[in-house]
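If you count the sequence shown from 1, position 66 lands on 67 in this note's numbering, and the numbers rise without skipping.
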Amino acid sequence: MNRSLKSATFLLRSALLSHSSKSFSADALVPEYSRGEIGCVFGIPDEHLRRKAEENKVESIKRDKAAIENFLQKTIEKHQAELARQKEHYTNALSAAKEAEALAEAQANTEARTELESRLREPDALLLAVTVNKL
Numbered sequence: 002m003n004r005s006l007k008s009a010t011f012l013l014r015s016a017l018l019s020h021s022s023k024s025f026s027a028d029a030l031v032p033e034y035s036r037g038e039i040g041c042v043f044g045i046p047d048e049h050l051r052r053k054a055e056e057n058k059v060e061s062i063k064r065d066k067a068a069i070e071n072f073l074q075k076t077i078e079k080h081q082a083e084l085a086r087q088k089e090h091y092t093n094a095l096s097a098a099k100e101a102e103a104l105a106e107a108q109a110n111t112e113a114r115t116e117l118e119s120r121l122r123e124p125d126a127l128l129l130a131v132t133v134n135k136l
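Structure representation (structure tokens):
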């Protein structure tokens, strides 16, 4: 019996030593995978990780695109408002200039008419004076 006890102890000891230190640590809780699953991270297949990475890239690009579109829309609206303000300013200035031009032209016409009328009266006055002197 002594011999069978020694044999059983030897078998138990060799079985314990054949297992790695993983068997007695927290790493033992991570399941072992077959050779085809070497690219796995914590049990997640490599294909799934690649797909998730691509989905994250797509979502990031979509968020960036939306942010850029929003920025561009706000910039366009800001510039359109500025252009509308400038257009209104210059339209008002043009209207004021046209009005001033019309007033200046009317005043010049009035002055010219007055001048012309006064010149036209002068010969009548001279003619009248000459006629009165002759009499």
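Idealized CB from N, CA, C, for every residue including glycine.
Quiz item: How many Å lie between K99 and E60 at the Cα?
Solution: Cα to Cα, the separation comes out at about 58 Å.
Practice problem: Just the C-alpha distance for A54 and K75, rounded to the nearest angstrom, thanks. | Solution: A straight line joining the alpha-carbon of A54 with that of K75 spans about 32 Å.
Quiz item: Would you report the Cα separation of A109 and K88, rounded to the nearest angstrom?
Solution: 31 Å
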